[in-house]
Amino acid sequence: MKTSSLAATETLKEEHRLIERLLRVLALAASKVERGEEVSPTVFARALDFICNFADRCHHGKEEDCLFPALEGHGLPRHAGPVAVMLSEHEEGRGYVRGLAQALEQWQKGDKSASRAVAKNARGYAALLANHIPKEDNILYPMGENILPEGVKKELLEAYEGVEKRLGEGKHHEYIHLIEELGKELKG
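The sequence shown finishes on residue 172 if you use the numbering used here, and the numbering steps up by one all the way, no holes.
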């Protein structure tokens, strides 16, 4: 995603909209598993790829490696207040992701009972981020827009480009397509 024409926090908000789409797909897949409906473990494996690479490595990478240090440098402490809460919730989300990955591995090896643990971790992750994202959009990001000088905001956009390059050219488009495919597969 090209970030040069957007504000530093608007870029992150746009990514939140994509993550929210994945969360809806994940919640739908978890509900189907919980009702005993047939869902391929591949649905969760593909969602896990999105979570690990787009949501965590790319999006949280921009926050943790770029935005949060800039906020800290302009008066928001890292170990207290909103930044500390966001970091704590990122770690909590990673715990759900580890649980999901472990259960998914068991399911893919033939243990169908592990599908329940996959659904439980998927639902936990989706619920956590459904509460987490509005805190960033409505509290932390506006704080950042107010305290960060324009020059720092421009530097953040450049730093985000570096994170994007590490993810790989064209990956945003691939993940948008992935979410659309998963949604169709689950409704189909």
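Even for Gly, the Cβ is constructed at its ideal location relative to N, Cα and C.
Query                                                                                                  : Result
Option in H0, F28, H44 and H157 with minimal Cα separation from S99                                    : F28
Ordered list of alpha helix (DSSP H) runs contained in the segment 72 to 120, each at least 4 residues : 98 to 119
Check whether K176 and Y109 have beta carbons under 8 angstroms apart                                  : No answer is possible for residue 176: it lies beyond the span of the chain, which begins at -15 and ends at 172.
Per-residue DSSP class, three states only, for H0                                                      : helix
H116 burial status per 10 Å Cβ neighbour count (16 or more: buried)                                    : buried
Three-state secondary structure (DSSP) of P61                                                          : coil
Beta-carbon spacing of P25, Q92 below 8 angstroms                                                      : yes
Residue of H44, R41, L51 and A31 minimising C-alpha distance to L140                                   : L51
8 angstroms Cβ cutoff met for A13 and A106                                                             : yes
Cutoff 7 angstroms; reference E260; Cβ partners in own chain excluding five residues on either side    : Residue numbering for the chain in the displayed model covers -15 to 172; residue 260 lies beyond these limits and cannot be assessed.
Nearest-angstrom Cβ-Cβ length linking L7 and L113, presumed shorter than 8 angstroms                   : 6 angstroms
Reference S15; option with closest CA among A111, R150, I35 and H58                                    : A111
Among E21, V147 and R5, nearest to E48 - alpha-carbon criterion                                        : V147
C-alpha gap between V9 and H63, whole angstroms                                                        : 33 angstroms
Among E153, A31, H43 and E18, nearest to E(-1) - alpha-carbon criterion                                : H43
Same chain, Cβ closer than 7 angstroms to R30, five either side skipped, listed in chain order         : L162 and L166
Reference E75; option with closest CA among V23, T(-5) and A39                                         : A39
Same chain, Cβ closer than 6 angstroms to E189, five either side skipped, listed in chain order        : Lying outside -15 to 172, the shown extent of the chain, residue 189 is not represented and no answer is given.
Under the three-state DSSP convention, the category A(-9) falls into                                   : coil
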